[in-house]
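S.K.: Sharing a structure below in structure tokens format, with a few things to ask.
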């Protein structure tokens, strides 16, 4: 069932056109990504869909009773309530019902003197209210709140903590949590992965996969999009184009479409040239003029194809070095750091050796001290104990996620030129042009730039340093997907050493040859990319579960089981093993089916046929849900 339809929506801000003739359709179980460059109009479109902004032309259709939940990029809960009380507000109608139930229970307890018919009436009223309460989730709302708070990494917080004591990132996560608990029919999320660590991202992915309504997402996290969506709308040059399948499918299909369109255009151009040559040679000859005139009419009636538009302009990033460092780039020995006034160190006993040419991703939960470690390495903060030793000829270039090294009062041009006054203006402008600052853009004040523009300017400054050790703190924040891909290509070709913090799992996979997981007391090094790191973590978890299972459950009771009890336990274990094997077989079959469905969704005969596309999308969602349910059952059996 269609729950929202946009036909010919256009929006301008003054003379600047943002959206033009936008067409978009959402059905009740859709998982949609809206992608495009920074400034393409993605957030504007979401605001129009959420009724937060008006549009200039077109029509937006939706049922009157459609419930919409909208999370903007910069949403943060501002409240004097505690965490728990704020989440409880979502369930206000249930709380009222619960109070009514308690009142009826008290009446029933004191109904000794009531007539039988009055007591019967009271019982009926109670049964009806209890049934309505149960159907509305009255017996599980507390569990739902706890599950969402745990998933969003609030399990270690006292739920009576006042919200106004939390950080901006924590308030943003709480705003997301409150929205998820409302369970609207249409969930509209603008950059929901901001301020989430990797573990929380994985939880949110699973939550959205099994979400009962429709979901529309704007995100620059490609790994997240691949996991959650089955349809992509691209906004480019003010218009939308629809693609079926995951984000990776969209990239493949887009490239394939461009190649096919270009071939068709070139084929027609060859045909037009032949016809024009024929007309020119034969129009003046009496014997062939009729044929030439016929060709001319044919040519006039021909529907001319436009040359397909390729991708919009991309940045051109390269990072070079002044000189090569020694083989030993950085040695960190038994490092600890404690903020003044804190009783416990943020991290302790951290030892790490980095060699030339290595690319190391630092991962770990929010608050473990990743940014603090980077600032300690560059000398911005001083360690409490331990040593940091830089190798021979090591020059550090630092990218700060807060862009604190930019001067808000300067122009874009002077931001670079003031630091490199010996370089002529033309060369400075060339560097800025490579980072998509051209013409009058270089005269803009830094404070007027968007987050993405500031990120590109900070990267341009980093490029000018020609450092051989790049220390990068969340370098992909604020960058659109295209700029991320350009940055990835530049860092892959970088001849020096890289140590970086990022929550972008796709970026980690591309750049890292080692993943270093920070813990409170040290680090664990994994010699591979993010996917390898996750595989090893899973193996470690399975090994830990196995060891726990082998430990005696009750060390204080060494009594041997009777023969019958032992046989019964063995029988139950065999049943579980058979059930686990059967589940694994079924899950494998479903995963093959899912892979086949997703492949078919990229075929023209499917995605060009609306009914077929809908049928395959529904099938894909059903199979994903079934896999999710079976995996839960499998996990429960493994725990047993």
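In the UniProt record's numbering, the protein residues as written are 1 to 640. Each residue gets a CB set at the ideal place from its N, CA and C atoms; glycine is no exception. What you are looking at is a predicted structure, and each value in this text was computed from that prediction instead of being measured.
Would residue 220 and residue 480 qualify as a contact pair, given that the criterion is a beta-carbon distance under 8 Å?
M.R.: Their beta carbons are under 8 Å apart, which means residue 220 touches residue 480 by this criterion.
S.K.: Is it buried or exposed, residue 284, if we count other Cβ atoms within 10 angstroms and call 16 or more buried?
M.R.: Exposed, by the Cβ-count rule.
S.K.: Run the CB neighbour count on residue 49, radius 10 Å, all protein chains shown included, and call it buried at 16 or more, exposed below.
M.R.: By the 10 Å Cβ count, residue 49 comes out buried.
S.K.: How big is the Cα-Cα spacing for residue 233 and residue 52?
M.R.: When rounded, the distance between both Cα atoms is 20 Å.
S.K.: Contact between the stretch 18-26 and the stretch 228-242: three or more CB pairs below 8 Å?
M.R.: Contact holds: three or more Cβ-Cβ distances are below 8 Å.
S.K.: Do residue 279 and residue 296 count as a contact pair if the criterion is CB distance below 8 Å?
M.R.: Against a cut-off of 8 Å, the Cβ pair of residue 279 and residue 296 comes out as a contact.
S.K.: If you draw a straight line from the alpha carbon of residue 614 to that of residue 106, how long is it in whole angstroms?
M.R.: If I take the Cα positions, the gap works out to 52 Å.
S.K.: Among residues of its own chain, excluding the 5 on either side of residue 581, which ones have a beta-carbon nearer than 6 Å to its beta-carbon?
M.R.: Around residue 581: no qualifying Cβ.
S.K.: Given 8 Å as the limit, is there contact between the stretch 61-76 and the stretch 171-185, that is, 3 or more CB pairs closer than that?
M.R.: A contact exists between the stretch 61-76 and the stretch 171-185.
S.K.: Is residue 359 buried or exposed, if buried means 16 or more other CB atoms sit within 10 Å of its CB?
M.R.: Looking at its Cβ environment, which holds 16 or more other Cβ atoms inside 10 Å, residue 359 is buried.
S.K.: Specify the secondary structure class of residue 246 as computed by DSSP and reduced to three states.
M.R.: Three-state result, residue 246: coil.
S.K.: Reducing DSSP to helix, strand and coil, say where residue 13 ends up.
M.R.: Here residue 13 sits in strand by DSSP.
S.K.: Taking buried to mean at least 16 other C-beta atoms within 10 Å of its own C-beta, is residue 137 buried or exposed?
M.R.: Label assigned to residue 137: exposed.
S.K.: Which value, in whole angstroms, describes the spacing of the CA atoms of residue 631 and residue 395?
M.R.: Approximately 49 Å, taken between the alpha carbons.
S.K.: Should residue 451 go down as buried or exposed, given a rule of 16 or more other Cβ atoms within 10 Å for buried?
M.R.: Answer is exposed; the Cβ neighbour count stays below 16.
S.K.: How is the beta strand (DSSP E) around residue 359 delimited, first residue to last?
M.R.: Residues 359-363.
S.K.: Could you give the residue range of the alpha helix (DSSP H) that holds residue 372?
M.R.: 370-377 is the span of the alpha helix (DSSP H), which, as asked, contains residue 372.
S.K.: Provide the residue span of the alpha helix (DSSP H) that contains residue 127, from first to last.
M.R.: Looking at the DSSP string, the run of the alpha helix (DSSP H) that includes residue 127 is 116-135.
S.K.: Determine the extent of the alpha helix (DSSP H) in which residue 434 is found, giving its start and end residues.
M.R.: Start and end: 425-434.
S.K.: Just to confirm the assignment, what range does the beta strand (DSSP E) spanning residue 70 have?
M.R.: It spans 68-71 - the beta strand (DSSP E) in which residue 70 sits, taken as one unbroken run.
S.K.: For residue 319, which option in 256, 344, 458, 533 has the closest C-alpha, if you only look at C-alpha atoms?
M.R.: When each option's Cα is compared against that of residue 319, the closest is 458.
S.K.: Could you tell me if residue 469 is buried or exposed, where buried requires 16 or more neighbouring beta carbons within 10 angstroms of its beta carbon?
M.R.: Buried, since its Cβ has 16 or more Cβ neighbours within 10 Å.
S.K.: Based on Cα-Cα distance, which residue from 483, 637, 123 lies nearest to residue 37?
M.R.: Here the closest residue by C-alpha is 483.
S.K.: Starting from the C-beta of residue 208, find all residues in its chain whose C-beta is less than 6 Å away, skip the five residues before and the five after it, and write them out in chain order.
M.R.: So the qualifying residues of the chain are 215, 228.
S.K.: Starting from residue 236, follow the beta strand (DSSP E) in both directions and report where the run begins and ends.
M.R.: Run containing residue 236: 231-236, per the beta strand (DSSP E) assignment.
S.K.: Please report the Cβ distance between residue 514 and residue 526, rounded to the nearest whole angstrom; I am assuming they are in contact, meaning their Cβ atoms lie under 8 Å.
M.R.: That pair is a contact at about 7 Å.
S.K.: Our contact map puts residue 350 next to residue 523 with C-beta atoms below 8 Å; I'd like the distance itself, whole angstroms only.
M.R.: Their Cβ separation, rounded to whole angstroms, is 6 Å, which keeps residue 350 and residue 523 in contact under 8 Å.
S.K.: Helix, strand or coil: which one does DSSP assign to residue 38?
M.R.: Residue 38 falls in the coil class under three-state DSSP.
S.K.: Quick check: the Cα distance between residue 345 and residue 379, rounded to an integer number of angstroms?
M.R.: Their backbone Cα atoms lie some 18 Å apart in a straight line.
S.K.: Among 195, 337, 264, which residue has its Cα nearest to the Cα of residue 384?
M.R.: Minimum Cα distance to residue 384 is reached at 337.
S.K.: Looking only at its chain, what residues have a beta carbon closer than 7 Å to the beta carbon of residue 473, apart from the 5 residues adjacent to it on each side?
M.R.: Once the five neighbours on either side are set aside, the close Cβ partners of residue 473 are 371, 374, 399, 400, 401, 501.
S.K.: Mind checking whether residue 466 and residue 321 have CB atoms under 8 Å apart?
M.R.: In this structure, residue 321 lies closer than 8 Å to residue 466 by Cβ.
S.K.: Just the C-alpha distance for residue 511 and residue 60, rounded to the nearest angstrom, thanks.
M.R.: For residue 511 and residue 60, the distance between alpha carbons rounds to 43 Å.
S.K.: Measure the alpha-carbon distance for residue 559 versus residue 549 and round it to whole angstroms.
M.R.: Only weak support is given to the placement of residue 559: the predicted model assigns it a pLDDT of 46, under 50, and the question is left unresolved by the model.
S.K.: For the beta strand (DSSP E) containing residue 328, list its first residue and its last residue.
M.R.: It spans 328-337 - the beta strand (DSSP E) in which residue 328 sits, taken as one unbroken run.
S.K.: Here's the rule I'm using: 16 or more other beta-carbon atoms within 10 Å means buried, otherwise exposed. How should residue 7 be labelled?
M.R.: So residue 7 counts as exposed.
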